[in-house]
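Novice: Going by the working numbering, 227 is the number at position 230 of the sequence shown; the sequence numbering is gapless. First, the structure itself, so that you have it in front of you.
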Amino acid sequence: MVNAVRARLYRAMEKGSSGKEKLSTINRILVVLVLTSLVLLALETEPDIEGQTQSFLRILNVTIVVIFAIEYGLRLWVAGENPEYRGLMGRLKYASTLYAVADLAAFLPELLLMIFAADKVNPQVLAVLKAFRLFRLFKLARFIPAFNLLGDALRKAGSQLLTSLFLALVLVYVSAVALYLIEGKIQPEAFGSIPRAIWWAIATLTTVGYGDVYPITPLGRVAASCIALAGIGLVALPAGVFASAFSDVIREESEKRAEEKAREKLTGLEDDDDNTPA
-2 MVNAVRARLY
8 RAMEKGSSGK
18 EKLSTINRIL
28 VVLVLTSLVL
38 LALETEPDIE
48 GQTQSFLRIL
58 NVTIVVIFAI
68 EYGLRLWVAG
78 ENPEYRGLMG
88 RLKYASTLYA
98 VADLAAFLPE
108 LLLMIFAADK
118 VNPQVLAVLK
128 AFRLFRLFKL
138 ARFIPAFNLL
148 GDALRKAGSQ
158 LLTSLFLALV
168 LVYVSAVALY
178 LIEGKIQPEA
188 FGSIPRAIWW
198 AIATLTTVGY
208 GDVYPITPLG
218 RVAASCIALA
228 GIGLVALPAG
238 VFASAFSDVI
248 REESEKRAEE
258 KAREKLTGLE
268 DDDDNTPA
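Structure follows, in structure tokens:
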């Protein structure tokens, strides 16, 4: 009886374990709770919300935290349905996976806070602990295929993105050195050292351009113009690399699904032929 309940819960909680890609009712509820908790995180920072509304938000948050704690315990229990996570060592292995660690971080800090020291914690520390709710985004990554596609695209373009990052760092440093040599003595507060000039280089190369620091000499402006133009390519390079990788991943996923559908259709036709009387 217990094993049957655990197997049924496993199929309901682990996406794809039942052979269906659609989310189960339990997982749909969890997605709604994750989104609700993120909305609560934003509302709790609004000082104009007080009184009964504030009490309602607090009760709702406590309910969500308790539900996520129960969910974590259930996932740890039903993980044994997977042969890889059976037994004590298997459960420990499951508990060390990325999703399990994220599930734990998503509720444990706030749960401990509610139990032991809700009224004694420094407001800044309290805000940091509440920010652990962001780990609940990993729950969405478990349920929504788009997050997996993003991860696959990042892995596919990893080496190219690292190369782009290295080129960006080189360009930032070279730009900072150039402006230090040109404007350092004229504007010592802004360009008097390479570390100071790096702030301007980052703001310019990322096309943010705050305007709080800028060169005033003709040579400095010419150099800044060249650096700003280089910044356009700097931003476009990793964006293009990632867009290409993401497009490849989507195409591969579509081809994989098409092959699976064709295989299922072919299998169905073969079964019909086998059942046809001679």
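Using N, Cα and C, we set each Cβ at its ideal position, and we do this for glycine too. Nothing here was measured: the structure is a model prediction, and the numbers come from that model.
Is Gln157 helix, strand or coil by DSSP?
Specialist: Here residue 157 corresponds to residue number 160 of the sequence shown, with the count starting at 1. It is helical.
Novice: In its own chain, which residues sit with a C-beta less than 8 Å from the C-beta of Ser190, not counting the 5 before and 5 after it?
Specialist: Position 193 of the sequence shown, counted from the start, is the residue given in the question as residue 190. Here the set comprises Tyr177, Gly181.
Novice: Rounded to a whole number of angstroms, what is the C-alpha to C-alpha distance between Ala154 and Leu146?
Specialist: Counting from 1 along the sequence shown, the entry for residue 154 is found at position 157. Counting from 1 along the sequence shown, the entry for residue 146 is found at position 149. Their backbone Cα atoms lie some 12 Å apart in a straight line.
Novice: Would you mind sorting Leu110 into buried or exposed? The rule is 16 or more other CB atoms within 10 Å of its CB.
Specialist: The count along the sequence shown starts at 1 and reaches residue 110 at position 113. By the 10 Å Cβ count, Leu110 comes out buried.
Novice: Here's a check: name, in chain order, each residue in its chain whose Cβ is nearer than 6 Å to the Cβ of Tyr91, leaving out the five neighbours to either side.
Specialist: Residue numbering aside, residue 91 sits at position 94 when the sequence shown is read from its first letter. If we look at Tyr91 and ignore the five residues flanking it on each side, its Cβ neighbours are Ala76, Tyr82, Ala97.
Novice: By how many angstroms is the C-alpha of Ile199 removed from the C-alpha of Arg218?
Specialist: Here residue 218 is taken as the residue at index 221 of the sequence shown, counted from 1. Here residue 199 is taken as the residue at index 202 of the sequence shown, counted from 1. Their backbone Cα atoms lie some 16 Å apart in a straight line.
Novice: What do you reckon, are the CB atoms on Ile56 and Leu30 nearer than 7 Å?
Specialist: The residue labelled residue 56 in the question sits at position 59 within the sequence shown. The residue labelled residue 30 in the question sits at position 33 within the sequence shown. No. Outside cutoff.
Novice: Go through the stretch 110 to 149 residue by residue and report every complete run of the alpha helix (DSSP H) that reaches 4 residues or more, in order.
Specialist: 120 to 127, 134 to 140
Novice: Would you decide whether Ser93 is buried or exposed? Buried here means 16 or more other CB atoms lie within 10 Å of its CB.
Specialist: For the purposes of this step, residue 93 is identified with residue 96 of the sequence shown, where counting begins at 1. Ser93 is exposed by the Cβ-count criterion.
Novice: Does the Cβ of Lys136 have 16 or more other Cβ atoms within 10 Å, making it buried, or fewer, making it exposed?
Specialist: Within the sequence shown, residue 136 is the residue found at index 139, counting from 1. Flag for Lys136 reads buried.
Novice: Please report the distance separating the alpha-carbon of Ser161 from that of Ile229.
Specialist: The residue labelled residue 161 in the question sits at position 164 within the sequence shown. The residue labelled residue 229 in the question sits at position 232 within the sequence shown. Cα-Cα distance, rounded: 13 Å.
Novice: Under the three-state reduction of DSSP, which class applies to Gly181: helix, strand or coil?
Specialist: By 1-based counting over the sequence shown, the position of residue 181 is 184. Gly181: coil per DSSP, three-state reduction.
Novice: Hey, could you find the ends of the alpha helix (DSSP H) Thr50 is sitting in?
Specialist: The count along the sequence shown starts at 1 and reaches residue 50 at position 53. It spans 49 to 75 - the alpha helix (DSSP H) in which Thr50 sits, taken as one unbroken run.
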